[in-house]
Amino acid sequence: MIPISVNNVSFSYPSGVQALRNVSLDVAPGESVALIGQNGAGKTTLARHLNGLLQPSSGTVAIGDWSTHEHTVAQLARRVGYVFQHPEHQIFKRTVRDEIMVGPRNLGFDAEHTAQVVEQALAATGLTDLAEQHPHDLMPALRKRVTLASVLAMETPIVVLDEPTTGQDALGLRLIGAVVAQLTAEGRTVIMISHDIDFCADHCRRLVVLSEGRVLIDGPAATVFARPDLLAQSAVEPPQLARLAERLGLPLAWQIEPLLDALAERKAR
Ligand SMILES: Nc1ncnc2c1ncn2[C@@H]1O[C@H](COP(=O)(O)OP(=O)(O)OP(=O)(O)O)[C@@H](O)[C@H]1O
Ligand SMILES: [Mg+2]
Numbered sequence: 200m201i202p203i204s205v206n207n208v209s210f211s212y213p214s215g216v217q218a219l220r221n222v223s224l225d226v227a228p229g230e231s232v233a234l235i236g237q238n239g240a241g242k243t244t245l246a247r248h249l250n251g252l253l254q255p256s257s258g259t260v261a262i263g264d265w266s267t268h269e270h271t272v273a274q275l276a277r278r279v280g281y282v283f284q285h286p287e288h289q290i291f292k293r294t295v296r297d298e299i300m301v302g303p304r305n306l307g308f309d310a311e312h313t314a315q316v317v318e319q320a321l322a323a324t325g326l327t328d329l330a331e332q333h334p335h336d337l338m339p340a341l342r343k344r345v346t347l348a349s350v351l352a353m354e355t356p357i358v359v360l361d362e363p364t365t366g367q368d369a370l371g372l373r374l375i376g377a378v379v380a381q382l383t384a385e386g387r388t389v390i391m392i393s394h395d396i397d398f399c400a401d402h403c404r405r406l407v408v409l410s411e412g413r414v415l416i417d418g419p420a421a422t423v424f425a426r427p428d429l430l431a432q433s434a435v436e437p438p439q440l441a442r443l444a445e446r447l448g449l450p451l452a453w454q455i456e457p458l459l460d461a462l463a464e465r466k467a468r
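Numbering of the sequence shown is given in my numbering, commencing with residue 200 and proceeding in unit increments.
Encoded structure:
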C-alpha cells in the first residue's frame, strides 16, 4: 500500500491565480481524508496534483516512491484513481458498462478480471440495472456514480473523489458512504472532497480544511469542530448537531447518539 506525500506545494494557474500556497499533507495507506473549504479554496487544484494532471509550481508530490514530476499521468493512474468534479469531462462511451470497462482494459486486466471488477463496481454504485443505458441519458447524480464506478473498477490503492456527494439522494449518499468504508477496510486510501460536512465527519477519519490555497486545520473531526473560529475563516459551517450542542451548552458532538447521551447525562446530574 502506498502513502501520499505533498511537500510544501505552491501552484499558480497561467492566469496568475495562486491556487495553492505551501501545502504539505502526508496521508498514510488506508486513511480516509476529507478536503473541505469554500468554493475556490483550492481543493480540486490539490486533487489534480495527486495524479499528475497538474504539476506544482514549487514543492513536490510523491505517490509512494514515485514523484509525480517523474511519472506520466498514465503511470500514475495505476496508483491514483481520480473521479472528476464534472462527470462530463470523464465520460466517453455509449453504455454505462462500456464506460466502466475502459479503465480496467487500459490497465491490461484480462477479460475475466475485467468482467469481475466491472460487475462489482456496478453493484457498489447501484448501477447494475442501468448498465446498458447511455451515460448521457442519466441524471447528473447517476452520471457521477458512473464515473465513481469507472474509478473503482481500476482497483487503485488510492481513490480521489471530487465532490461525489453533490446532488445525491439518500440512497446515493448511503452507497458512497459504503464505498468509502469498503475501500478503507481493504487498506486503500480515500481522499474525498465534499461540501457536505456531515457526510465528511461521518465517513472520513481526518478532515483537512483549506482556505485560499492554505491548509487551515488538519485533524480528526473532534479537533476540527473544536475550532469554530478557523472554520468561520474558511466559511465552512460546522455540522448542524455540533451547532445545536454548542447552543445547548453541551460538550462537542456532531452525531445524534453522543448528543443524546450528553443531554441524558446533564439531566441525570
Ligand atoms: N483552469 C483554471 N484557470 C485559472 N484559474 C483557475 C482554474 N481552475 C481553478 N482556478 C482558480 O484557482 C482557485 C482554486 O480553484 P479550485 O477549483 O481548486 O477550488 P475548489 O476548492 O475546488 O472550489 P469548488 O468548491 O468551487 O470546486 C480559484 O481561485 C479558481 O478560480
Ligand atoms: Mg473543486
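No residue lacks a Cβ here, since even glycine has one placed at the ideal position from N, Cα and C.
Taking a contact as a CB-CB distance under 8 Å, the pair residue 390 and residue 201 does not count as one, their CB atoms being some 12 Å apart.
Per DSSP, residue 305 is one residue of the alpha helix (DSSP H) stretching across 295-305.
By alpha-carbon distance to residue 230, the top candidate from 436, 382 and 414 is 382. In this chain, residue 376 is not harboured by any beta strand (DSSP E); it is covered by the alpha helix (DSSP H) spanning 369-384. About 7 Å separates the beta carbons of residue 408 and residue 429, which is inside the 8 Å limit, making them a contact pair. Taking 8 Å as the cut-off, the Cβ atoms of residue 360 and residue 392 count as close. Taking the Cβ of residue 361 as the reference point, at least one heavy atom of ligand 2 falls within a distance shorter than 7 Å. Shown here, residue 454 sits in coil according to DSSP, grouped into three states, outside any helix or strand. In the structure shown, the three-state DSSP call for residue 210 is strand. Rounded to whole angstroms, the gap between the alpha carbons of residue 311 and residue 300 is 12 Å. Fewer than three pairs of CB atoms, one per stretch, sit closer than 8 Å, so the segment 438-455 makes no contact with the segment 256-265. Out of 318, 366 and 412, the CA that lies nearest to the CA of residue 353 is found in 318.
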